[in-house]
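K.L.:
The following block contains the structure, expressed as structure tokens.
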Amino acid sequence: MSIEQQIIGAILAGMHTLYGWEASAEQIQLQKTKKEFKGHLTLVVFPFLKVSKKSPEQTALEIGAYLASYEPSVASFNVVKGFLNLTVVPSCWVELLNGISHTQGYGTTPVTERSPLVMIEYSSPNTNKPLHLGHVRNNLLGFSLAEIMKANGYNVVKTNIVNDRGIHICKSMLAWQKWGNGETPQSSGKKGDHLIGEYYVLFDKHYKQELKDLEAGGLTREQAEAQSPLMQQAREMLRSWEAGDEAVVTLWKTMNGWVYDGFNETYKKMGVDFDKIYYESATYLVGKEEVLRGVREGVFYRRDDGSVWADLRKDKLDEKLLLRADGTSVYMTQDIGTAKLRFDDYPVNRMIYVVGNEQNYHFQALSILLDKLGFAFGKGLVHFSYGMVELPEGKMKSREGTVVDADDLIDEMLQTAREISQELGKLDNMNPDEVENIIRIVGLGSLKYFILKVDPRKNMTFNPRESIDFNGNTASFIQYTYARIRSVLRKATEQGQSLPCYVPPSVSISEKEESLIQLLADYPAIVREAGEAYSPALIANYIYDLVKEYNQFYHDFSILREENPERRNLRLLLSSNVAEVIKSGMKLLGVEVPERM
């Protein structure tokens, strides 16, 4: 039982004794005392005034006196208006530290065979371009959310849907046919996804020039777009692909193979992975079958041109295209098919889509459409909607080739980590292999933490150099603190000091140490809240607060030079548990922490 639970139980007893009221635990508002007031926990007494029939101050005084008399964990109290501030006896904090130290997997819930299954979709790249900065935020959020859900006791399946077909893919294929001269990743020395992305940009360049020429010949913009030979060829290629044309399908397989090799290399650099990958080329036909079933059952309707639509106006949306007039499918068709296949493949209890907030409408519609088709899981889909990420220079446009490439960004982060670490002398006295490993850990950790510490619903600006600051709210600050603690623990061992696993409750303890233990005690609740809110930012900012508090303690108190052995053991045990929570929390963000730095 936690200190809070123990005190809440005593408050419930006090409510009955003092006022004859049978309260419930949910009616007790117990929170951490604000730093400007004395105490550890604060009880809000305003909800009790109806039963006490007294002023807030008098009610708080009566409850405080009862707790001081009958609850052993309460050392003293003070009243500020309607707030009762309680000071917990020092021995309770020491016992709590001992309990934390002996709890395996502290802060997390073990996964069992009976745990509910959560499927999380993230990444969702197109095979016409490399992964970019937007994909980086998506992948990091998705992977971290998966780790957080596991820590909350869920079985997790990490999944990816690759958009490997459609007009955008045909644009790259057509451009390569026309202007590629047989270029391959091997002949050019380029990553496959980069190579294909260049041909997507090249198509757009020629297409814009074609439109310009057609407009100069007297056509309107709309007429030029309708008559563009390039676009007509791309659409014809898509129709040929859907018809199974052998030459087109062979080219498609070859070029997508190049892209997958490139994607896998980038995923490995980022440290993200998937349990199951679905491909639009294998799901869109299932989606078409479901849409056509909807037409037969009167759920959807055909227009005169043969296109298929869903009327969602009664659901406060609009009419939604599901199949084009030429019979080709749209993204919604594919998502219907993919959802059906996933629920056929796995006993999914919850499906979470990690997709940017520009797709809010799409997932509202998807949920309604699946429900209309009779799928029980339709209404339960979760869209983890997140904001856009930009650089200080502004927005990115993939078809214009102004996107920030994920590989380039990772390389820049590693170079920045190298430069800053060298400037600060962090890499001195390390062998070359150790230097490269530290640079990798710091560079990638800085990228991940800087993105994940921001509330996922908000837009953000990513600044590479700002993200690596050994004194700010950054991964490198946290990583350096972890390495510092590990160094202290190693020195203790080298000096013949055995690391304690228990300290007696009678040991004298400072307010700073009490505050640190109270912060450690918050970790399980933070992990739960992060899972409920789908917010890695809660973990990131909790770890930062813990590290700030520890650094103040480290500055103010001696650890290894403390002469009193019990106090020294307390500080070693406290340091060890802070390090464990740092490591655990950063793992939930996909961030490594180094043993040395």
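Residues in the sequence shown are numbered consecutively from 26, following the numbering used here.
Don't be surprised by glycine CBs; every beta carbon is placed ideally from N, CA and C.
Since the model is a prediction, treat every value here as computed from it, not as a measurement.
Taking 8 Å as the cut-off, does the stretch 549-560 touch the stretch 172-182 (at least 3 CB pairs, one atom from each stretch)?
P.N.:
The stretch 172-182 is in contact with the stretch 549-560.
K.L.:
I need the DSSP call for Glu305, collapsed to helix, strand or coil.
P.N.:
One-based indexing of the sequence shown puts residue 305 at position 280. Glu305 falls in the helix class under three-state DSSP.
K.L.:
Check for me: the alpha helix (DSSP H) holding Ala249 runs from which residue to which?
P.N.:
The residue labelled residue 249 in the question sits at position 224 within the sequence shown. Note, Ala249: alpha helix (DSSP H), Arg246 to Gln252.
K.L.:
Counting only runs that start and end within the stretch 354-433, where is the beta strand (DSSP E) found for 3 or more residues in a row?
P.N.:
Here the runs fully enclosed are 375-381 and 407-411.
K.L.:
Starting from Ala35, follow its DSSP beta bridges and name the residues at the other end.
P.N.:
Taking the sequence shown and counting its residues from 1, one reaches residue 35 at position 10. Looking at the DSSP assignment, Ala35 forms no beta bridge with any residue, so it has no partner.
K.L.:
Looking only at DSSP bridge pairs, what is Leu68 linked to?
P.N.:
Along the sequence shown, read from residue 1 onward, the residue named residue 68 stands at position 43. In DSSP, Leu68 forms a bridge with Leu55 and Leu109.
K.L.:
Which parts of the stretch 104-151 are runs of the alpha helix (DSSP H), unbroken and 4 residues or longer, counting only runs that do not cross its ends?
P.N.:
You should have 115-126.
K.L.:
Here's a check: name, in chain order, each residue in its chain whose Cβ is nearer than 6 Å to the Cβ of Tyr391, leaving out the five neighbours to either side.
P.N.:
The sequence position of residue 391 within the sequence shown is 366, counting from 1. Sequence check: residue 391 is Leu here, not Tyr. Excluding sequence neighbours, Leu391 sits near Asp360.
K.L.:
For a quick check, are the C-beta atoms of Leu166 and Val379 less than 7 Å apart?
P.N.:
Against the sequence shown, residue 166 aligns to sequence position 141. Against the sequence shown, residue 379 aligns to sequence position 354. In this structure, Val379 lies closer than 7 Å to Leu166 by Cβ.
K.L.:
Could you please give me the residues that DSSP links to Leu346 through a beta bridge?
P.N.:
Your numbering for residue 346 matches position 321 in the sequence shown. According to DSSP, which records beta bridges pairwise, Leu346 is partnered with Trp334.
K.L.:
Of all the CB atoms in chain C, is at least one closer than 7 Å to the CB of Tyr575?
P.N.:
Of the chains in the structure shown, none is chain C; there is only one protein chain.
K.L.:
In whole angstroms, what separates the C-alpha of Asn153 from that of Leu244?
P.N.:
For the purposes of this step, residue 153 is taken as residue 128 along the sequence shown, with counting starting at 1. For the purposes of this step, residue 244 is taken as residue 219 along the sequence shown, with counting starting at 1. Cα to Cα, the separation comes out at about 30 Å.
K.L.:
Quick one: what's got a C-beta closer than 6 Å to Lys537's C-beta in the same chain, skipping five residues either side?
P.N.:
Taking the first residue of the sequence shown as position 1, residue 537 is located at position 512. Correct list, in chain order: Phe578.
K.L.:
Here's the rule I'm using: 16 or more other beta-carbon atoms within 10 Å means buried, otherwise exposed. How should His127 be labelled?
P.N.:
As a first step, residue 127 is located in the sequence shown; it is residue number 102 there, counting from the start. The residue in question, His127, is exposed, as its Cβ has fewer than 16 Cβ neighbours within 10 Å.
K.L.:
Can you tell me whether Phe711 is buried or exposed? The criterion is at least 16 other CB atoms within 10 Å of its CB, across all chains shown.
P.N.:
Only positions 26 to 622 of the chain appear in the structure, and residue 711 is not among them; the question remains open.
K.L.:
Check this for me: beta carbons of Glu699 and Ala249, under 7 Å apart or not?
P.N.:
In this structure the chain extends from 26 to 622, so residue 699 is not present and cannot be described.
K.L.:
Would you kindly work out how many angstroms separate the C-alpha atoms of Gln129 and Ile584, rounded to a whole number?
P.N.:
For the purposes of this step, residue 129 is taken as residue 104 along the sequence shown, with counting starting at 1. For the purposes of this step, residue 584 is taken as residue 559 along the sequence shown, with counting starting at 1. Answer to the nearest angstrom: the Cα atoms are 25 Å apart.
K.L.:
Using DSSP with H/G/I as helix, E/B as strand and the rest coil, what is Ala100?
P.N.:
Walking along the sequence shown from the start, residue 100 turns up at place 75. Three-state result, Ala100: strand.
K.L.:
Residues in its own chain within less than 6 Å of Phe368 by CB, not counting five upstream and five downstream?
P.N.:
Numbered from its first residue, the sequence shown carries residue 368 at position 343. Phe402, listed in sequence order.
K.L.:
Taking only the alpha-carbon atoms, compute the straight-line gap between Thr279 and Ile194 and give it to the nearest angstrom.
P.N.:
As a first step, residue 279 is located in the sequence shown; it is residue number 254 there, counting from the start. As a first step, residue 194 is located in the sequence shown; it is residue number 169 there, counting from the start. Distance between the alpha carbons of Thr279 and Ile194 is about 12 Å.
K.L.:
Please determine if the stretch 492-511 and the stretch 402-417 are in contact, where contact requires at least 3 C-beta pairs separated by less than 8 Å.
P.N.:
No: the two stretches stay apart, fewer than three of their Cβ pairs being nearer than 8 Å.
K.L.:
Express the C-alpha separation of Asn185 and Ile503 in angstroms, rounding to a whole number.
P.N.:
Numbered from 1 along the sequence shown, position 478 holds the residue referred to as residue 503. Numbered from 1 along the sequence shown, position 160 holds the residue referred to as residue 185. For Ile503 and Asn185, the distance between alpha carbons rounds to 31 Å.
K.L.:
Tell me the rounded alpha-carbon separation between Glu605 and Met256.
P.N.:
What you label residue 605 is simply residue 580 of the sequence shown in a count that begins at 1. What you label residue 256 is simply residue 231 of the sequence shown in a count that begins at 1. About 57 Å.
K.L.:
Can you look up Met40 in the DSSP assignment and give me helix, strand or coil?
P.N.:
The residue labelled residue 40 in the question sits at position 15 within the sequence shown. Helix, per DSSP.
K.L.:
Would Thr133 be called buried (16 or more neighbouring beta carbons within 10 Å of its own) or exposed?
P.N.:
To locate residue 133, count along the sequence shown from 1; it is residue 108. Buried, because 16 or more other Cβ atoms sit within 10 Å of the Cβ of Thr133.
K.L.:
Only counting the same chain, and skipping five residues up and downstream in sequence, which positions put a Cβ closer than 6 Å to that of Val99?
P.N.:
Counting from one through the sequence shown, the residue named residue 99 turns up at place 74. Leu92, Ala93 and Leu111, listed in sequence order.
K.L.:
In this structure, what does DSSP give as the bridge partners for Tyr326?
P.N.:
Here residue 326 is taken as the residue at index 301 of the sequence shown, counted from 1. Bridge partners of Tyr326: Trp334.
K.L.:
If you count every other CB in all the chains shown that lies within 10 Å of the CB of Ala562, and 16 or more means buried, which is it?
P.N.:
Numbered from its first residue, the sequence shown carries residue 562 at position 537. Looking at its Cβ environment, which holds 16 or more other Cβ atoms inside 10 Å, Ala562 is buried.
K.L.:
Do you know how far the Cα of Glu620 is from the Cα of Lys422?
P.N.:
Translated into the one-based positions of the sequence shown, residue 422 becomes position 397. Translated into the one-based positions of the sequence shown, residue 620 becomes position 595. At Lys422, the pLDDT of 45 sits below 50, so the modelled position is not reliable and the matter cannot be decided from this model.
K.L.:
Assuming the contact rule is C-beta atoms closer than 8 Å, Leu158 and Ala431 should be a hit. Round their C-beta distance to whole Å, please.
P.N.:
If you number the sequence shown from 1, residue 158 lands on position 133. If you number the sequence shown from 1, residue 431 lands on position 406. Going by Cβ atoms, the distance from Leu158 to Ala431 rounds to 7 Å, so yes, they are a contact pair.
K.L.:
For my contact list, Gly412 and Asn382 are in at a C-beta cut-off of 8 Å; report their separation, rounded to the angstrom.
P.N.:
For the purposes of this step, residue 412 is taken as residue 387 along the sequence shown, with counting starting at 1. For the purposes of this step, residue 382 is taken as residue 357 along the sequence shown, with counting starting at 1. The Cβ separation is near 6 Å, so the contact holds.
K.L.:
So, is Phe325 buried or exposed, given that buried needs 16 or more other C-beta atoms within 10 angstroms?
P.N.:
Along the sequence shown, read from residue 1 onward, the residue named residue 325 stands at position 300. It counts as buried.
K.L.:
If we count Cβ pairs, one from each stretch, closer than 8 Å, do we get three or more for the stretch 276-291 versus the stretch 135-146?
P.N.:
The stretch 276-291 is not in contact with the stretch 135-146.
K.L.:
Going by other Cβ atoms of all chains shown within 10 Å of its Cβ, with 16 needed for buried, is Asp218 buried or exposed?
P.N.:
The residue labelled residue 218 in the question sits at position 193 within the sequence shown. Answer is buried; the Cβ neighbour count reaches 16.
K.L.:
In terms of DSSP beta bridges, what is Val187 paired with?
P.N.:
The residue you call residue 187 lines up with position 162 of the sequence shown. The partner list for Val187 (beta bridge, DSSP) reads Tyr304.
K.L.:
Based on DSSP bridge pairs, tell me the residues matched to Met485.
P.N.:
Working through the sequence shown from its first residue, we reach residue 485 at position 460. Val414, per the DSSP bridge assignment.
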